[in-house]
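Residue numbers (the numbering used here), protein chains in the order written: chain A, 8 to 290; chain B, 8 to 290. Quick reminder that beta carbons are idealized off the backbone N, C-alpha and C, glycines included.
Protein chains: 2
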Amino acid sequence: MTAITDALRITGPVDLASVSPASTPGFDGRKAEGQRALEAGAERLAELQERLFAESTAGGERAVLLMVQGMDTSGKGGIMRHVVGQVDPQGVRIKAFKAPTEEERSHDFLWRIERELPAPGMIGVFDRSHYEDVLIHRVRGLSAPDVIEERYGRIVEFERGIAERGISLIKVMLHVSFEEQGTRLLERLDRPDKHWKYNPGDIDEREHWDAYMEAYEIAIARTATEQAPWHVVPADRKWYSRLAVRELLLEALERIDPQWPTADFDVAAERARLVGAGGTPAS
Amino acid sequence: MTAITDALRITGPVDLASVSPASTPGFDGRKAEGQRALEAGAERLAELQERLFAESTAGGERAVLLMVQGMDTSGKGGIMRHVVGQVDPQGVRIKAFKAPTEEERSHDFLWRIERELPAPGMIGVFDRSHYEDVLIHRVRGLSAPDVIEERYGRIVEFERGIAERGISLIKVMLHVSFEEQGTRLLERLDRPDKHWKYNPGDIDEREHWDAYMEAYEIAIARTATEQAPWHVVPADRKWYSRLAVRELLLEALERIDPQWPTADFDVAAERARLVGAGGTPAS
Numbered sequence: 008m009t010a011i012t013d014a015l016r017i018t019g020p021v022d023l024a025s026v027s028p029a030s031t032p033g034f035d036g037r038k039a040e041g042q043r044a045l046e047a048g049a050e051r052l053a054e055l056q057e058r059l060f061a062e063s064t065a066g067g068e069r070a071v072l073l074m075v076q077g078m079d080t081s082g083k084g085g086i087m088r089h090v091v092g093q094v095d096p097q098g099v100r101i102k103a104f105k106a107p108t109e110e111e112r113s114h115d116f117l118w119r120i121e122r123e124l125p126a127p128g129m130i131g132v133f134d135r136s137h138y139e140d141v142l143i144h145r146v147r148g149l150s151a152p153d154v155i156e157e158r159y160g161r162i163v164e165f166e167r168g169i170a171e172r173g174i175s176l177i178k179v180m181l182h183v184s185f186e187e188q189g190t191r192l193l194e195r196l197d198r199p200d201k202h203w204k205y206n207p208g209d210i211d212e213r214e215h216w217d218a219y220m221e222a223y224e225i226a227i228a229r230t231a232t233e234q235a236p237w238h239v240v241p242a243d244r245k246w247y248s249r250l251a252v253r254e255l256l257l258e259a260l261e262r263i264d265p266q267w268p269t270a271d272f273d274v275a276a277e278r279a280r281l282v283g284a285g286g287t288p289a290s
Numbered sequence: 008m009t010a011i012t013d014a015l016r017i018t019g020p021v022d023l024a025s026v027s028p029a030s031t032p033g034f035d036g037r038k039a040e041g042q043r044a045l046e047a048g049a050e051r052l053a054e055l056q057e058r059l060f061a062e063s064t065a066g067g068e069r070a071v072l073l074m075v076q077g078m079d080t081s082g083k084g085g086i087m088r089h090v091v092g093q094v095d096p097q098g099v100r101i102k103a104f105k106a107p108t109e110e111e112r113s114h115d116f117l118w119r120i121e122r123e124l125p126a127p128g129m130i131g132v133f134d135r136s137h138y139e140d141v142l143i144h145r146v147r148g149l150s151a152p153d154v155i156e157e158r159y160g161r162i163v164e165f166e167r168g169i170a171e172r173g174i175s176l177i178k179v180m181l182h183v184s185f186e187e188q189g190t191r192l193l194e195r196l197d198r199p200d201k202h203w204k205y206n207p208g209d210i211d212e213r214e215h216w217d218a219y220m221e222a223y224e225i226a227i228a229r230t231a232t233e234q235a236p237w238h239v240v241p242a243d244r245k246w247y248s249r250l251a252v253r254e255l256l257l258e259a260l261e262r263i264d265p266q267w268p269t270a271d272f273d274v275a276a277e278r279a280r281l282v283g284a285g286g287t288p289a290s
């Protein structure tokens, strides 16, 4: 499945208009095959995650950080449920970054991000991230242009530091089309069990669609590197975006290739202890 | 499936020797049926969890806390993977309580517990809990007898406070047999991919088995109430303990009966906005 991950990797400028949100780069099957492929990889993902965690119990320092950006309705929640949900919940920590609190605003924009970086052995997942500070901040003028300008370089430097700590960063933009977003918002309005997901503010943001796409292009161009590439994942077909993100996670773990730690105790002696004295309660 | 939950509920003293760890109270099927039943309830669990979370976005304050205690190898990890893993990871937060840190030890024993109580709408899961402070502390003499004595009452009071905050507490003891623990520890020794789970200290604890069973009996007798019952879940058959804990979770959610919140916006007006001005990007 490296065809998918190869097809999505971006290490420089990107023209979002040229990436069809309905396309399925690197995968020529349809929905049913996509869903089967998503199921088929679950076991391998689970094994690699367990190895990563096991490694950390013996001092391993490696971790994974999956960062998911995207417009409202682009499917971030579905990624959490259907991709992250494939992993043992003990090995995963999801953090959703909402509008910053007063305390968070009193600090540098990377402060709250730094605090949520995954511990060794863990798969951290960010639902939104430090990129909000160059996306909505740019579109809505929440920060001065020169402040935003400075942030791109700060982000590149920050992500280099993350890599040096042994954290494999996967940067994903779920690329949904304006039309599909309209359809999904309408569905939220038409179904009472979806009303809680609807926020009138979503339409305010929707009216700035082109500005958001431009802000994404600038952010990607300024922060996509060989070491910290972006992945623009077409997201009009949910089955594809889920499969694609799962493949990105799998690829990152395969590259880490975590190993079962070797025993730091004498296996034969422990066996003897267990079969001998440990065979009956002493108290 | 309330047959299972009814059969496991303990509201007073318990004689653990009379509960067979290989039994399957309230369920007369075998492994295959148990596994099917575990699968069959996943969808209902997911719906109720989503409702609980949705309710909280409109100010609902209710939450669930599943607390899992048990000897080493009793299957706590499997509960996390196979039961908690059935739920949308966005709605769950697992906290494993290890030996307390220096900071934690400098506070009251409930301090670190209080900090991890689930937020409204969430399902919190504790892997071990404040009961360690009356279990290992009693068996190993880590606290003076009068201190431990006082803790039972403190726990009852604490759990009453949890309930008053709208948190449904589910207290579980995974009841594995001494023999089955021996088998499972041997398996960990025999498989290199399980060595990382093995700790020579496990056998030290195993040698105090009877003292642990006594400590559990005392803890349960002193803290099992109508409002905060215990559930002693036979755990020699993993398929049963998983099904049983899932049923306890399901029952707690059914009792809460969380509701989809009603829209706090004008649905028709939003529809018009979406189809009208929101139909094309303005920027």
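With contacts defined as CB atoms closer than 8 Å, L257 of chain A and L52 of chain A qualify as a contacting pair.
Contact of P125 of chain A with chain B is not assigned, every C-beta pair being separated by 8 Å or more.
Residue state for S63 of chain B is assigned as helix, using DSSP reduced to three classes.
Under the three-state reduction of DSSP output, A228 of chain A falls in the helix class.
Using a CB distance below 8 Å, the part of the stretch 96–130 of chain A facing chain B consists of P96, Q97, V99, I101, A103, ordered along the chain.
Taking the beta carbon of R278 of chain B as reference, the chain A residues within 9 Å of it are L193, L196, D197, listed in sequence order. Per DSSP, the continuous beta strand (DSSP E) segment holding M180 of chain B begins and ends at 174–182. In this structure the stretch 256–276 of chain A lies against the stretch 198–209 of chain B, because at least three pairs of beta carbons, one per stretch, are closer than 8 Å.
Rounded to the nearest angstrom, the gap between the Cα atoms of A276 of chain A and E254 of chain B is 41 Å. Here the alpha carbons of S184 of chain B and G189 of chain A stand approximately 57 Å from one another. Boundaries of the beta strand (DSSP E) harbouring R100 of chain A: 99–103, taken from the DSSP string. A contact between stretches requires three or more CB pairs, one per stretch, nearer than 8 Å, and the stretch 101–111 of chain B fails this requirement with the stretch 202–217 of chain B. The distance from the Cβ of I155 of chain A to that of H137 of chain A is about 12 Å, inconsistent with a contact at the 8 Å cut-off. Positions of the alpha helix (DSSP H) runs, each at least 4 residues long and wholly inside the stretch 180–267 of chain A, are given as 185–197, 207–213, 216–230, 245–263 in order along the chain. Per the coordinates, the alpha-carbon of H144 of chain B lies some 20 Å from the alpha-carbon of V21 of chain B. If you check the CB distance, L72 of chain A and A251 of chain A do not come in under 8 Å. A contact between stretches requires three or more CB pairs, one per stretch, nearer than 8 Å, and the stretch 85–99 of chain A meets this requirement with the stretch 120–133 of chain A. The C-alpha of I227 of chain B lies about 47 Å from the C-alpha of A44 of chain A. At a cut-off of 8 Å between C-beta atoms, M87 of chain B counts as an interface residue with respect to chain A.
For V75 of chain A, the enclosing beta strand (DSSP E) has its first and last residue at 70–77. Remark: C-beta atoms of G19 of chain B and A222 of chain B do not approach each other more closely than 8 Å. Under the 8 Å Cβ criterion, the stretch 64–83 of chain A counts as touching the stretch 237–246 of chain A, having at least three qualifying pairs.
When C-beta distances to chain A are compared with 8 Å, every residue of the stretch 219–241 of chain B stays at or above that value. Per DSSP, reduced to three states, the secondary structure at F165 of chain A is helical.
Secondary-structure assignment with DSSP links V154 of chain B through no beta bridge to anything. Between R119 of chain B and E109 of chain B, the gap from beta carbon to beta carbon reaches 8 Å or more.
Neighbourhood of P265 of chain A in chain B, by CB distance below 9 Å: empty, with the nearest CB roughly 11 Å away. Interface criterion met: the Cβ of V274 of chain A is under 8 Å from a Cβ in chain B. When 7 Å is used as the limit between beta carbons, V91 of chain A is near these residues of chain B: P96, in chain order. Per DSSP, V26 of chain B lies in no beta strand (DSSP E) and is assigned neither H nor E.
The shortest CA-to-CA distance from L23 of chain B to any of B:E224, B:A235, B:L124 is the one to B:E224. Collapsing the DSSP output to three states places R16 of chain A in a strand. Collapsing the DSSP output to three states places V132 of chain A in a strand. A straight line joining the alpha-carbon of G283 of chain A with that of G33 of chain A spans about 57 Å.
Closest in alpha carbon position to R191 of chain A, among A:R229, A:R244, A:D134, is A:R244. Listed in chain order, the non-local C-beta contacts of I11 of chain A below 6 Å within the same chain comprise G33, F34, A251, E254, local neighbours out to five positions each way being set aside.
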